[in-house]
Each structure stands twice: as C-alpha cells, then as structure tokens.
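Numbered by the working numbering, the letters in the sequence shown go through residues 1 to 78 in order.
A short worksheet on the structure shown next.
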Amino acid sequence: MDSKKYKQALNLFNEQSAIATNSTIVIAIKACTQLHDYKTGFDIQQKLSSKALNDPYIQTSLIHFYNKLFIYQTRLSS
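Pasting the structure below:
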C-alpha cells in the first residue's frame, strides 16, 4: 500500500472514529506506523478503552508501532 492509501485510510478512520471497530483501529495504527505519523498513533492509543487495549491484534499493532518509533528515533539521533 502506498502512502496515499494510508493517508486515505487515516482520513476515513478520523471521520468514522466514533464507530471504530478493533479491525479499523488496527488498520489506523498500521497507517500511522507506515506514515511515521506518531502523534496520531499516540492520540489513537490514548482514546482506546481498556477492553480494546486487551485485544491481541491491537496489542500487536501497538508493539509494531512503538518498535518502528524507536528505530526511527534512533536513526534521527545517530
């Protein structure tokens, strides 16, 4: 998926976030990861309920998100 598609996915998620499902949350986090849009990723995580945070797919997406963030920040500081 190219960056344009990830941006479209995030825009759609933002428009429909009130009715987001766990699947759409995973896609939104993946889009944030691929776009290096860490602020939006943090915002999404902050809005998640404890039930959503216990979903293994969301947990895996967040682990990947934070792993990419760490790698990105490490490269910037080198």
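A virtual CB, placed ideally from N, CA and C, is assigned to each residue, including glycine.
In this text, all values refer to a predicted model and were calculated from it rather than measured experimentally.
- Within the segment 5-65, complete alpha helix (DSSP H) segments of at least 4 residues are found at 22-35, 38-47 and 50-53, given in chain order.
- Only residues of its own chain outside the window of five on either side were considered, and among them Y6, A9 and L10 have a CB closer than 6 Å to the CB of A31, listed in chain order.
- For the pair S77 and Q46, the Cα-to-Cα distance works out to about 26 Å.
- Distance from the CA atom of G41 to the CA atom of K4, rounded to whole angstroms, is 17 Å.
- Only buried fits A28, as 16 or more other CB atoms lie within 10 angstroms of its CB.
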